[in-house]
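What follows is a single structure, written as structure tokens, with notes after it.
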Amino acid sequence: MVVECRPATGIVGGVVTATGEEPALRAGERVRIATRAPVGHYRVPQYLRGKTGRIEAVIEPRGIDNEEEGFGRNAGQRLHYYRIAIAMTELWASYPGPAVDGLRIEIYETWLERI
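First residue of the sequence shown? That's 423 in the numbering used here, and the numbers climb one at a time after it.
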């Protein structure tokens, strides 16, 4: 099942990147959301962990890791957020709605792995 993504727009925000600031992933790539069970409050809902989707857009400018920042451990690392399109049937196998239905969520780079 493939969710119909909006046309891949590339980078959202129109920011010109400097050397070393290029996104690690690109619009259109398939990714898996990491399966982790960290202690505390984290920004990726549990039901999304381990699921696959497609990068719809790279969000600019880069942002700090708000999870690490919340625990006072951020040393200024800035990475990208990505808008991920996930088919509803990837989330719920018995989803009764149209096959084109999907969920969009913006996820920090450290949670994504290329597949």
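Heads up, the beta-carbon is just placed ideally off N, CA and C, and yes, glycines get one too. It should be emphasised that the depicted structure is a prediction, and the values quoted were computed from it without experimental measurement.
Contact between residue 530 and residue 465 holds, with the beta-carbon distance rounding to 7 Å and staying under 8 Å. Judged by DSSP in its simplified three-state form, residue 457 adopts coil rather than helix or strand.
The three-state reading of DSSP puts residue 534 in strand, counting E and B together. By the neighbour-count criterion, in which a residue is buried when 16 or more other Cβ atoms sit within 10 angstroms of its Cβ, residue 522 is exposed. The beta carbons of residue 453 and residue 535 sit about 6 Å from each other, so the pair counts as a contact at 8 Å. In this structure residue 456 touches residue 533 by the C-beta definition: roughly 5 Å separates them, less than 8 Å.
Residue 476 places its beta carbon less than 9 Å from that of residue 507.
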